[in-house]
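Chains as they are written, first to last, in this note's numbering: chain S, 1 to 345; chain W, 346 to 858; chain Z, 859 to 1229. Glycine included, C-beta positions come from ideal geometry on N, C-alpha and C.
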Amino acid sequence: MPQGNESETNQVTEAGREDDGLSKSSKPSSRRLEFTRLSAALLQAGIPLAAVLLCVFFAIQEPRFATLDNGVNVARQFALLAVFAFAQAFPVLGGGFDISIGSQVGLASVVMALATQSWGLAAGLGMSVVAAGGVGVVNGLTISTFGVSPFVVTLGMLSFARGLALYISDGVPIYGFNDNFGFLGEGEIGPLSMPFIIATAVFVIGWIVLNRTTYGRHLYATGGNVEAARLAGIPVRRVKAISYILCGVITGIGAAVLTSRVDSGQPNLGTGLELEALAAVIIGGFALGGGEGRLGNVVWGAIIISILSNGLNLLRVSSYIQLMAIGVVIVTAVVLDGWRKRVRT
Amino acid sequence: MTTPTKALDERPLLTASHIRKAYPGVLALDAVSLDLYGGEVHALVGENGAGKSTLIKILSGAVRPDGGDLLMGGVAMSFNSPVQARRSGVATIYQEGSLVGELTVEENLFLGQELNHPRMRFFTDRARMAKRARSALDEIAPQIDISTKVRDLPADQRQLVEIGRALLASMRLLILDEPTSSLNDREIERLFDVVERLKGKGVGVVYVTHKLAEVQQISDKVTVLRDGCLVATRRTDEVEIPDLIRMMIGRDLSEWFPAVKSGSVPQEALRLRGLSRPPAFDDVDLVVRKGEIVGLAGLEGSGQSELLRAVVGAEVASVGTIELFGETVRIDSPVDTVRLGVAYIPGDRQRDGVIPALSVRTNLALSALRIIGRNGFIRPRDEEELYGSIKEQLDIRARDSRTAIRELSGGNQQKVILGRAIAARARLFVLDEPTRGVDVGAKSHIYQLVRDLVDQEAGVLLFSSELEEVLGLCDVVYVMRTGKVVARLTRAEASEEKIAKLAFGDDPVPRSA
Amino acid sequence: MQSKRKSVLLRWVLTTMVLLLVAGACGGGDDSADEPSSGGEVAGSTKADLGGYLDPSAPEGECKLGMALPHFRDPFWVAIAYGAADEARRAGCTIEAVYEAGGYENLDTQIEQVEDLIQLDVDAILFAPNDYEGTAAIADRAADSGTVVINLANMSASEKVAYGVNNYDPAVGEAMADWVAEKNPDAKIAVLSGPAGANWAMDRVKGFEDRIAESHPGLEVVFEKSTDVDRAVAQQVVEDWLVTGDQIDAIIAVAAPLGEGAGAALEAEGREGDTDVLVSTLNEETLNFLEQGLVDYVQSERPVLTGRLGVQLAIKSLNGEEVDLPSYEALTPLPPKILYIFDAPVYTSDDVGSIETSNDMAPEDFDPSDV
């Protein structure tokens, strides 16, 4: 994390100045600086540290949490959430968000199932991406052309895409695939599960797009200050529209994995997933106004939610209390993140 | 250091003694001492980064000093928050303003100090508040209707509302941070009247500004800061502007505006024919040649900024044609103009220029991505090289290339925005108030940069509300009045009086120079 | 500068940790206090307790059980959980965890919960899948890890599931058709046919329709509608039907909330006397409705018994005992061995006052999240 390094060097230079003996108060000052440095370092480590603390806590409470088996288990569960969180990260960076992700999953699942029945698994995977990506195209164009708020557009899509999924499938799950259909969701290559491999691939590509392409720069700039970005010659509408399309495409990939995992086309698949994905993004330190956030931290956001869910399951905590715990974590994360930023400046 | 002579019986309202404040990497203030008296306007000047902002933040409780004391009436204070400072009678009015746009003037006046109803404690006493609000504003701004929403007020009246709020809270010391940066001449006069009246009531005023003419006009004393140190505190009538400048930048400014090189190339960079977007501007014909600085003059709000925005495609003109580099072009958005080699330096840097959360490097490279990008991909090394070369050229001072731009001073931010235009290899630069909110040293640097640009065959079209800037910098001046171009003057023809006369039209008001 | 901020920060971090600890404690820390409610009984079930379907067995080795059910919004699943928990207590098994997926739509959640049960290393999983095919892979995986999988009420399309226990759903519809026809051979009927695609619902409707085709040609289905199992939705649908003014002699509701919605709609329109409501599932609310005359026919499904039989089948599988199941024509091709409950009783208004509920309802103080 670049911020971490930055603040480290700051603290060092400041301490250096103290040592010049500029004033007689240098001694208490440097103690205070130690203090500041510690708390700053703690906050910079923030999310990963919280994840580690959670792990320690669960491992003490329930030894079976800390087994290799469960590690593989959590990795798989985490991977599924992470893909959708990566998808959500794009519109959030552009200053919006997409609450139709869950419905896109349902639609993509049904479309994938039908396509697989007719043309095979590869076509199914492709059609899943096309279906959810298509939803993203509609979202993006509607938002950028008519200037309607992302909340309204994707809320409408939340309903529309789910309805379409139910309509196409008659509300009934679609079955009847051969054994390799489950490979994307349940398969393993060596010790790595397919969902984990796919999530890693999506992360790497997403990271490159955000950090090493013109589009990524444009997206950060648009989310950071849309008017300044526009005046700098960035096609902000197109940039925003593309963020929803990317969101849809990645969602389509995730939907294919999920569909493969449930071995059937499920029109109701992914219900509520949009909020979990949004939660992971927010816990990962993204600003809801856009323009701030690193994809790497989304990984941590997804890890925290997955660990929390798995750990609380192993501790036999009621799922109602789990929902409460996730709520607490979301708000706490944002509060801590606010502190982190203030300490930095 | 000269201590001002003041009546011995009068004790300072507030004494700052050996104030020290360090930020990571910078010593912002080093043993700064200051006495502030009631009934006196005390100007605070210095380049950006000299420590003015930090000092007023400490005085107003927004920042805690690392060392030193604040004494009020001889009693040591420690302000932990602006609220505490306010309680002690110190109020600060910042550039950005702190009013809530959606609330009315009256509600803003009493924000945080609402009067409760004498019997029903949970309700506010609206009648009493309205009366007190009215009487407070009558002193300084009788023209303001207290039931107007603040967002509907012009900037100068908003400022007066803020001052009114301070008056209502019986402030004894008022800190004004760049109060005139968004005001026109008439509004400035009005503000000065108010300041004089406050003085008469025994209120102490700390006046922070870049405009040295204002220092001369309004202040009794002036304190100059440089690099966190107090250079001097003087009675204003004892110093001249060149003295102040010398104290601020620590050297002589032998040449304020760069010399013009002769032999400009007669190729056109921009030609406007009948460009209109009523009511902002109407039927404008204008030519900018390569190697030429063209300035727009006239009263602020006569359509100059809107015209600039139309040229760069920020707003689309309804009638007329724009020719860029000899070809008529259709402009729908800044995407088009940037691609054609036009760069825009907006007047409101915070709103339209910087992407606050992004690094200086990214901010700088933003319009040049199609140049340094390879098939849509960017190598950080290329970006860093671009930043390195321009940083050198513009003398941008940032800790490193990955520092967020919001951590930079105003002048440095402005240089980054200018650097963005240069990095994009623009051939026509459109500058709206290029030195607004920029300190004296950076100003002269920016003038030199603009001159360098035209020496390299670029065209420049700029607007500045500071007449001396237009006169000193521009080869050609177009004077605008209520949206129309009323005159085109060459450098030789232009003079302050002439422009003022043209700008005011039939109703000439002498400009206080 | 930041020392104060830091102490605030620390307080926050501590608060969060405490909250998590509390959350952990209230869910997990009370292994000692899980005495189910109907205490005082002698340990061990009798064959009569098991509906005569099985001879009770006791576990020979370790017997740790886990449950994964679709949700607890319907008392039906609470009753299943109760039957299983109570039977486990009597037989000397422990329940390691009871998970609910929060609804049928959360298939992915349910799969994760089964994965977590595998991590908890339970000996057997009592599993009511959200989806037939969609849970086949996870059921296989659980079985492959050495866990005995028993399906309760819903089935998984897995060969590796040891046993399923289920009400014989077509019989529910058949009995309803017979009852309506006996009262009025030319009745006009409206059918609330439950969630589209749910096997249990389709089987009940199919049983009903097949019986009409076979034996009651006078009966006519005038309305039919698939809905979620949701009382408010059903009420609205029935109100819409009533607005048409068409004659409806009987409403068939394949699940309790649907019957409740139908009864409430009829009451609101003042037409509860004209139309009979037939509902499957006996629970507190349908019992109430029966007593008030808003519902006229309640089919017991004996979920408590389903839960008990599931535990017994788990024990027998762990013991390696062979169980002889009567061979029926199975409703689903998988799992290979399904124990069907056939003889669940039907109650009508005549039975009010003498209705036996112990096979259908969990005691009031039973909390499924606290087993």
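Beta-carbon separation (whole angstroms), residue i vs residue j, contact threshold 8 Å
i	j	result
Asp820 of chain W	Ile638 of chain W	5 Å
Ile250 of chain S	Ala87 of chain S	4 Å
Trp1037 of chain Z	Tyr1155 of chain Z	6 Å
Glu377 of chain W	Gly406 of chain W	One detail in the question is off: residue 377 of chain W reads as Val in this sequence, not Glu. Contact doesn't hold; Cβ gap of about 16 Å is too wide.
Gly248 of chain S	Gly136 of chain S	2 Å
Leu54 of chain S	Leu308 of chain S	7 Å
Close Cβ partners of residue i (< 7 Å) along its chain, the five nearest in sequence each way excluded
i	result
Asp1044 of chain Z	Gly1076
Arg510 of chain W	Asn453 and Leu454
Ala743 of chain W	Val705, Leu753 and Asn757
Arg654 of chain W	Glu660
Phe84 of chain S	Ile101, Thr251, Gly254, Leu273 and Ala277
Gln561 of chain W	Thr581 and Ile586
Asp677 of chain W	Gly658 and Val661
Val207 of chain S	Checking the sequence, you will find Trp at residue 207 of chain S rather than Val. The answer, listed in chain order, is Leu295.
Arg473 of chain W	Leu460
Close Cβ partners of residue i (< 8 Å) along its chain, the five nearest in sequence each way excluded
i	result
Ile735 of chain W	Leu709, Ile741, Gly764, Ile767 and Ala768
Thr1005 of chain Z	Leu975, Ile976, Val980, Asp981, Ala982 and Ile983
Leu400 of chain W	Ala361, Ile364, Leu374, Val377, Leu379, Leu389 and Leu570
Gly171 of chain S	Pro267
Where residue i meets chain S, residues with beta-carbon distance less than 9 Å
i	result
Ser426 of chain W	None at all; the shortest Cβ gap to chain S is about 14 Å.
Leu711 of chain W	Arg217, His218, Ala221, Ala228, Ala229, Ala232, Gly233 and Ile234
Close beta carbons around residue i, own chain, < 6 Å, minus the five adjacent residues each side
i	result
Val900 of chain Z	With a pLDDT of only 47 at Val900 of chain Z, under 50, the local geometry of the prediction cannot be trusted, and no value is derived from it.
Glu958 of chain Z	Leu927, His929 and Phe930
Asp497 of chain W	none
Glu274 of chain S	Ile99, Ile101 and Gly102
Chain-ordered neighbours of residue i on chain Z, where CB pairs are closer than 8 Å
i	result
Leu269 of chain S	Glu963, Leu965 and Asp966
Gln77 of chain S	Glu970 and Glu973
Within chain S, partners of residue i - CB distance below 8 Å
i	result
Ala1054 of chain Z	Asp170, Gly171 and Val172
Ala1126 of chain Z	Result: empty, since nearest Cβ-Cβ is about 28 Å, beyond 8 Å.
Tyr1155 of chain Z	Those do not exist, as Tyr1155 of chain Z stays about 27 Å from chain S at its closest Cβ, beyond 8 Å.
Tyr1186 of chain Z	Near Tyr1186 of chain Z there are no residues of chain S at all, since even the closest Cβ is about 23 Å away, more than 8 Å.
Under 7 Å from the C-beta of residue i: neighbouring residues of chain S
i	result
Val656 of chain W	By Cβ distance, chain S contributes nothing, its closest Cβ being about 12 Å from Val656 of chain W, past 7 Å.
Partners in chain W for residue i, counting only beta-carbon separations shorter than 8 Å
i	result
Pro235 of chain S	Ser678 and Val680
beta-carbon residue i near the ligand SAM non-hydrogen atom, thresh 7 Å
i	result
Val1204 of chain Z	Ligands are entirely absent from the displayed structure, and the ligand SAM is therefore not among its contents.
Per-residue contacts from residue i into chain Z (C-beta, under 7 Å)
i	result
Asp69 of chain S	Gln977
Gln88 of chain S	Ordered by position in chain Z, no residue passes the 7 Å Cβ test against Gln88 of chain S, which lies about 17 Å from the chain.
Next on the checklist: Counting only Cβ-Cβ distances shorter than 7 Å, please list the residues of the region 969-997 of chain Z near chain S, keeping chain order.
Outcome noted: Ile969, Glu970, Gln971, Glu973, Asp974, Gln977, Leu978, Asp979, Asp989, Glu991, Gly992, Ala994 and Ala995
Review point. Hey, which unbroken runs of the alpha helix (DSSP H) at 4 residues or more fall wholly within the region 130-218 of chain S?
Key: 150-169, 183-186 and 194-212
Using a beta-carbon distance cut-off of less than 9 Å, what residues from the region 175-208 of chain S approach chain Z? Cβ contacts with chain Z come from Tyr175, Gly176, Phe177, Gly182, Gly185 and Glu186.
* **Inside the region 1151-1176 of chain Z only - beta strand (DSSP E) runs reaching at least 3 residues** => 1155-1157
Exercise. Got a sec: which bits of the region 141-173 of chain S sit with their beta carbon under 9 Å from any beta carbon on chain Z, in order along the chain?
Worked result: Leu166, Ser169, Asp170, Gly171, Val172 and Pro173
Contiguous alpha helix (DSSP H) assignments of at least 4 residues, all confined to the region 401-456 of chain W
427-432 and 450-454
Check each residue of the region 118-142 of chain S: if its Cβ is closer than 9 Å to any Cβ of chain Z, include it; give the result in chain order. none
### Query
Going along the chain, which unbroken runs of the beta strand (DSSP E) with 3 or more residues stay wholly within the region 448-534 of chain W?
As far as the region 448-534 of chain W is concerned, its whole beta strand (DSSP E) runs of at least 3 residues are 518-522.
What residues in the region 747-773 of chain W have a beta carbon less than 7 Å from any beta carbon of chain S?
Arg747, Glu752 and Arg765
query: Can you list, in chain order, the residues of the region 311-325 of chain S whose Cβ is nearer than 9 Å to any Cβ on chain Z?
result: Gly311, Leu312, Asn313, Leu314, Leu315, Arg316, Val317, Ser318, Ser319, Tyr320, Ile321, Gln322, Leu323, Met324 and Ala325
TODO: Taking a Cβ distance cut-off of 8 Å, strictly less, list which residues of the region 679-693 of chain W are near chain S, in chain order.
DONE: Pro679, Val680, Thr682, Val683, Arg684, Tyr689 and Pro691
Short of 7 Å Cβ to Cβ, which residues in the region 693-709 of chain W face chain S? Arg696, Asp697, Gly698, Val699, Ile700, Pro701, Ala702, Leu703 and Thr707
Report task. Identify each residue in the region 247-268 of chain S for which the Cβ-Cβ distance to at least one residue of chain Z is less than 8 Å, and report them in chain order. Result -> Leu258, Arg261, Val262, Asp263, Ser264, Gln266 and Asn268
Whole runs of the alpha helix (DSSP H) within the region 257-327 of chain S, excluding any shorter than 4 residues
273-283 and 295-314
| task | Run through the region 1083-1120 of chain Z for me and flag every whole beta strand (DSSP E) of 3 or more residues, listed as ranges in chain order. | result | 1108-1111
Next on the checklist: Residues of the region 929-941 of chain Z in Cβ contact with chain S at a cutoff of 8 Å, in chain order, please.
Outcome noted: Listed by position along the chain: nothing, the set is empty.
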